[in-house]
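Presented below is the structure to which this report refers.
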Amino acid sequence: MAHTVDVGRMDDYITERVTFIKMDIEGSEANALRGAEKIIRTYKPKLAISVYHKKDDLWTIPKPYGI
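Just remember that the working numbering sits 952 ahead of the position in the sequence shown, which is counted from 1.
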């Protein structure tokens, strides 16, 4: 049985200050971070992001955020 899940950008749903973001979402971390770019740039939360699902994530995920 297949399940459908609606998804959206964190930037479109979260309106309060964010101080910490933790992600281990099986290789979708880069896409999720793109959906939280405004939050990350505005509030500069601490990030705990899993980078072992894809071989290039360790190098490509930190670059856009100056980490």
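Glycine residues also receive a C-beta, built at the ideal position from the N, C-alpha and C atoms.
Can you tell me whether methionine 975 is helix, strand or coil according to DSSP? Three-state result, methionine 975: strand.
Between the alpha carbons of valine 959 and glutamate 981, how many angstroms are there, rounded? Taking the straight line from one Cα to the other gives about 14 Å.
Buried or exposed: where does isoleucine 992 fall if 16 or more other Cβ atoms within 10 Å of its Cβ makes it buried? buried
Take the Cβ of alanine 1000 as the centre, count every other Cβ of all protein chains shown within 10 Å, and call the residue buried at 16 or more, exposed below. Exposed: under 16 other Cβ atoms inside 10 Å.
Quick one: Cα of methionine 988 to Cα of arginine 961, how far? Here the sequence assigns alanine to residue 988, which means methionine is not the residue at that position. Their Cα atoms are separated by approximately 7 Å.
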